[in-house]
Each structure stands twice: as structure tokens, then as C-alpha cells.
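K.L.:
Sequential numbering of the sequence shown, starting at 208, is according to the numbering used here.
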Amino acid sequence: MRGMKKYRHVIETPNPGKWELAGYEANLPISEKSNPITRELDKADPVQIVQLLKECDAEIFQEEDEALLNYKRLYSESVLKTMIDIISKVQEVLKDPDNTLIVLSGGGTSGRLAFLITVSFNKLLKGLGQLPCYTYIIAGGDRSLVVSQEGLEDCALLGIEELRKVCEGKKKVVFIGISCGLSAPFVAAQLDFCLNNLDIFLPVLVGFNPVSMARNDRIEGWHSTFRQVAERMQKLQESHKAFILNPAVGPEGISGSSRMKGGSATKILLETLLLAAHKTVSKETDISEKCLLEILRTYERAHKVTYTQSKKIAALVKQAGTSLQKKACVYMVGWHTLGIIAIMDGAECIPTFGADYHDVRGFLIGDHSEMFNKEADLIAQGSQFAFSQEDFVKMVLPSLTALDTVLFLFTLDGELTEVEKLVVQVKEKTSNVQALSHATVGQYLPKFQRELSTKWILNTVSTGAHVLKGKILHNHMVDLRVSNSKLFWRAVSILQRFTGHSQARCQEGLLKTIYDPEVLSDEIRSAELSKHIAIAAEKNQVVPTTLLCLLRNCSVQEAQVRLDTSPSIRAAIEASLNAPGRKRGADESDPTGRNM
Ligand code: F1P
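#1: Give every residue of the same chain whose Cβ lies closer than 6 Å to the Cβ of E597, excluding the five residues on either side of it in the sequence, and list them in chain order.
#2: Going by DSSP, name the residue or residues bridged to L614.
#3: Can the beta-carbon of V685 be found closer than 7 Å to that of T612?
#4: For K372, tell me which candidate among I520, G348, G230 has the shortest Cα-Cα distance.
#5: Taking only heavy atoms of ligand 1 into account, decide whether any of them is closer than 6 Å to the Cβ of T667.
#6: Enumerate, from N- to C-terminal direction, the unbroken beta strand (DSSP E) stretches of 3 or more residues contained entirely within the stretch 374-435.
#7: Counting only the same chain and skipping the five closest in sequence on each side, list residues whose C-beta sits under 6 Å from that of A743.
#8: Measure the CB-CB distance between A483 and I294 and report whether it falls below 7 Å.
#9: So does S390 have its beta carbon nearer than 6 Å to some heavy atom of ligand 1?
#10: What alpha helix (DSSP H) runs, 4 residues minimum, are completely inside the stretch 546-600?
#11: Tell me F268's beta-bridge partners as DSSP assigns them.
#12: Which value, in whole angstroms, describes the spacing of the CA atoms of P741 and D729?
#13: Consult DSSP for I345 and reduce its assignment to one of helix, strand or coil.
#14: Residues bridged to G313 by DSSP?
#15: Need the endpoints of the beta strand (DSSP E) that I451 sits in, please.
#16: Can you tell me the Cα-Cα spacing of E491 and C498, whole angstroms?
#17: What residue ranges within the stretch 701-747 form continuous alpha helix (DSSP H) runs of no fewer than 4 residues, ordered along the chain?
#18: Looking at the unbroken alpha helix (DSSP H) that takes in Q767, where does it start and where does it end?
#19: Can you round the beta-carbon distance between N416 and L389 to whole angstroms, since I take them to be within the 8 Å contact cut?
#20: Less than 7 Å between the C-beta atoms of A641 and L614, yes or no?
#21: State buried or exposed for G334, treating a residue as buried only when at least 16 other CB atoms are found within 10 Å of its CB.
#22: Mind checking whether the beta-carbon of R466 lies closer than 6 Å to any heavy atom of ligand 1?
#23: 7 Å is my cut-off, CB to CB: does C498 come that close to chain B?
#24: The alpha helix (DSSP H) spanning M290 covers which residue range?
#25: From the DSSP output, in three-state form, read off N785 for me.
#26: In the DSSP assignment, the alpha helix (DSSP H) including A672 goes from what residue to what residue?
#27: With a 10 Å radius around its C-beta and 16 neighbouring C-beta atoms as the bar for buried, classify L623 as buried or exposed.
#28: Identify the residues that DSSP records as bridge partners of L308: which are they?
#29: Find out if the Cβ-Cβ distance for the pair S775, G707 is shorter than 7 Å.
#30: According to DSSP, is D797 helix, strand or coil?
#31: Output needed for G366: all residues of its chain with C-beta closer than 6 Å, excluding positions within five of it in sequence on either side, in chain order.
#32: For S737, which residues from the same chain have a beta carbon less than 7 Å from its beta carbon, with the 5 sequence-adjacent residues on both sides left out?
#33: Does H683 come out as helix, strand or coil in the three-state DSSP assignment?
#34: For P459 versus K468, is the C-beta distance shorter than 7 Å?
#35: My guess is that L311 and I385 are in contact by the Cβ rule of under 8 Å, so how many angstroms apart are they, rounded?
Now the structure itself:
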């Protein structure tokens, strides 16, 4: 029997997926499991892709099911209670802005969301004539906002150094460390530092796995694992000295792609929490569960409103897919914070799909002064770091072709002459111009929800386009860039899933491809993981090459030729999976992945 629904929902979420059952891919945390909903995503057409990802996103709002494993969910009482406890701590900081700070930190999408939320809430304070009291840290600094640099998420000491710098002289700091998978060493070390300095810091961990599923492998140059830090925090939660906000939102539509649901849930949780804190800070009344639920429901409504446009989103997926298939580009040009969402989406395509930085790119139109910690790291840093209106006009417009797709993102609130001007210029070069415009009347969504709606659409468009390009097998990112330790182990896990070989054999195969043409010596084999990653991050198609080598028992060169002469990566792998005489892999024989 399903658990009773406690709250009136805006959307009806589908029945719980079997990922909640004990034993389903038991050795993987929720954030890395494969979602049963999207198992056939690679064979879906644009309309089906949108439908499947819509269902995955709806799981964010699904309630706890007592009949199953009993994972905490967004609407669970314990999650709402933790939010209320954190809010009162945030309010103490808001009341004393001179000596205090709220720091949001993370790597990749989590760091970009830390940035976006900081920009929004400092602006809110400015509007009220108050001092800004938010700041962000992203692994790799401001450059990582535009171009992904996952390697730096592995640097524990760098995390602490950055945190020390921003908190200098502060008497009280609320530190919000975001790591969707409870996995980034950069964030683990920062939380650990806070735990050692509880007189100043209140550490808060945001992520989407239970603590028992937090990463537990050794962190290079560091004494604890992420799980050990999280367990320490868990013990301190009762005395309100540390908090963990970690509802389950279900596996990602593309396994491990935490930029999707993880990123969306981070935005929902933190904006709800901070907005509620600001709303009630000057009132005598305490914040109530009801107030949180009201805000959370506006996000749920945004999901419903967004996917009423499924047909149009599917058309966008198709067009973006066609551009990528023809080796052309997809540009997403957004006004104000919608531009940040666009940049975020483009940057993540590089590690997720092994894309080139110019395949899918976001641009921010409008004023970007006072947004960044160190704008100089981004301005005039070359084509790879292009992100602004000036950059778009100077670097993209002149070389735009008829095969490229340009998607404009804006709100219908009076700045249309600016939009029109740019559209006219773009239309001279390509007819593949689309607009995603948010209404300010009728089906109107508030700012935060407009941003989330945009994020859902862009995630679907860029993911769907790469599915159509043949970059996904079932729902696995088989061409991910092996650029940090989490991604290294995800690569090994993908190899195991599709070949059925042992972890040791898959790891050996991966190293062979990484070091090719060098022969693997014992010295190489026993080198630190960071050495393997530094080399792998610079190479293309490391995972598909290894997969082919393992499936066909062939050389790296032969695998590369096969990939080069195949219509897509997926086609090359499927041909090898079906090659005569090959043993069936784990994914085919045991969809629960229990034998991994
Ligand atoms: C951080 C992150 C992801 C990105 C990629 C590498 O993950 O940068 O945002 O998509 O998977 O890791 P997390 O620390 O939030 O789990």
C-alpha cells in the first residue's frame, strides 16, 4: 500500500519507481543509480524524450512512501523541520550584517547555483537598502562558472583556502556546502573546517543522498572521507550545531547527471529556505511549515506550467539535435539571470556528453557588473570564456551559420526592443531562431520559478539534443569526460555495466586507453588517481574507446577507427554489444545491476 498523501499537490507524480526498492542497484547511491523511467531514453523521439524527462523531474515533488524504503523526500516533515531550524540561524545572521556572512559553495552546477542564489539574494537586500551578506565559492573560481573544470572539485585543501579567504574577520558564518552526490572533496574539506571552528561557523550540507550513501573512498591529501564528515555533522544536528538537508529526489534522467534534478532541487530548497528567512526576519512570528509549503508549491506549479508546453519543447529538442548532428552549434541567449541559467547549461555539456565547448553555449545579456567575485578572470580571456552580450556580438554573430540554432530566453516585461534588435541581426544568418518568453500576465510565474522553468527546458533541450546525436546508451553518459575522481569511478561503473567484466578488469582497460600508446607499467598502475585523471581529462572518447576495446578484445587503435567510422558513439557501442560470440553484459542480463 502506498503512503498516504499528506499535502494537496499541484501535480500528480507517477507511481514510485522501483529504484526505491531495497536491492535496486544496491551498491550505487541514489544520485548514481539509473532511473527506470528513462531506460529506453536513447531510443526515444523528441516528444518521448520530453515526456520521460518530465516524469523524472516530477519525482522531485513525490512524497515519502512509508511502504517502501522510507527515503526522506522534499515534503517530509523532517526535511521541513530542518529547513525551519536553519532559517532561524540564517535570521540571526541577517540581523547583524556587519559581522556576519552567508557562504554558499560547491563544484560544477552546485557552484554555479551558489553563484546564482548569491546574486539573487544580494540584489534582494540591495533593493531593501541593506548590505549584501551573501557570497559564493565555486571550485576553480569564476572561470568555472563559464567553462567546467571538474578536476578542482577534488582539491580538499583548495576548498579550505578559499573559505578562509572569504570569511576573514567575520564573527558568525552560515556555510552552505552543496554537493548533490554528497561527494565533492572540495566541499567535504570546507565542512570539516567549519566543524573544527564551530564558534564561528554553522555548517549546512545540501545534497540528495542519505548519509549512508555519501562517498566513502579516500580523498587524496586529506584525512577523512565525505561520509565521515557527513556522519560527524549528523551527530551535531540534534544540538543545532550542524545541519544536513538531503531529501531523496530519485535518480537522474541521465544516470549521475546531477546538473538536472540535483541542480533543480538545490535551487528549490535553498531559495525556499532563504526567501522564508527574509520574509519573516523582521516579524515577531516564527516561520511555519505552512509558509514553506506555500513556497514549495509554487515550484511544483512551475513544473506543471512548464510542461504544458511539451510540444514546443520537443520541437526545440529536435532542432537543437539537428544542429548538433550536423556539427553546428546551439546558442542560448538569456536576459539577466536567465542568461546565467543558459551559461550553466552550456558549461555542463562538456563533461556530461564529451562535448566541445562551442557545441552548446550560453550567453548573458544585460548588466553583469557587481555579479562576480573576480570579473577580471572572465573578461577578455579568449573565446572559451566568452559569456556576455559583447562577446556574442563580437565572436559569435560574425561566424553564425544557417545550421546553427539560436534560442532567446527573456521575460515579456518591457525590454523587448533590445531582444528585437539582436533577433534581427541573428536572423540575417540563420532561420533557426527560437524564443522562450515568459509571460507577466495569465500563466505568470515569479522570478525564481521562471528561472527553474528555463532550467528544466534547457536541460531537456541540451540532453535531448545529445541523445539524438547518439551520445547516450540507455540512460548512461557513455562519452563523459574523465575529469575528476567521481567521474573516473562513474566511468568504471559504466564499463562494468555494459561489459559484465570485473571492476579490476574495467579499471585496467580504462588505464590502457588513458595511457595509450604507452604500455601500462606497475609504476603507472600504482600512481595516484589524480595523475590518471590529469591525462584522461585532455583526451576525447576515453570511455567509448575502452568499452569497444573490452567488448571486442581489440586494440585502442581499432576501437578508435570503429568510433570514427560509425554514425554515432551509440551505434558503435551497440554494434560491438551485438558482435557475434560476445558474452552478454550486466546491463542486458540484470537490469537491477546487482551483479556490478
Ligand atoms: C558536482 C559536479 C556536477 C557536474 C559533474 C561533476 O557534483 O560538478 O555539478 O555535473 O557531474 O560534478 P556534486 O558535488 O554536486 O555532486
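All C-beta atoms, glycine included, are put in the ideal place defined by N, C-alpha and C.
As the structure is a computational prediction, the values presented were derived from the model and not from experiment.
P.N.:
By the coordinates alone:
#1: none
#2: M539, Q641
#3: No, the pair does not count as a contact, with Cβ atoms beyond the cut-off.
#4: Closest by C-alpha distance to K372, out of I520, G348, G230, is G348.
#5: no
#6: 379-385, 408-413
#7: V689, I721, V749
#8: yes
#9: yes
#10: none
#11: DSSP lists no partner for F268.
#12: The residue asked about is misnamed: residue 741 is Ala in this sequence, not Pro. Going by the C-alpha atoms only, they are around 18 Å apart.
#13: strand
#14: DSSP lists I345, I385 as the bridge partner or partners of G313.
#15: Residues 450-452.
#16: 15 Å
#17: For the stretch 701-747, whole alpha helix (DSSP H) runs of length 4 or above, ordered along the chain, are 710-722, 729-732, 736-743.
#18: 763-771
#19: 5 Å
#20: The question names Ala, yet the displayed sequence has Gln at residue 641. Yes, these two residues count as a Cβ contact at 7 Å.
#21: exposed
#22: yes
#23: In the structure shown, chain B does not exist; there is a single protein chain.
#24: 284-301
#25: Coil, per DSSP.
#26: 654-675
#27: Exposed.
#28: V380
#29: no
#30: Confidence at D797 is low in this model, with a pLDDT of 41, below 50, so the placement of that residue is unreliable and no value is reported for it.
#31: F393, A396, Q397
#32: Closer than 7 Å at the Cβ level, and outside the excluded window around S737, lie D361, E427.
#33: strand
#34: Correcting the residue type first, residue 459 is Glu in the shown sequence and not Pro. Cβ distance < 7 Å, so E459 and K468 count as in contact.
#35: 7 Å
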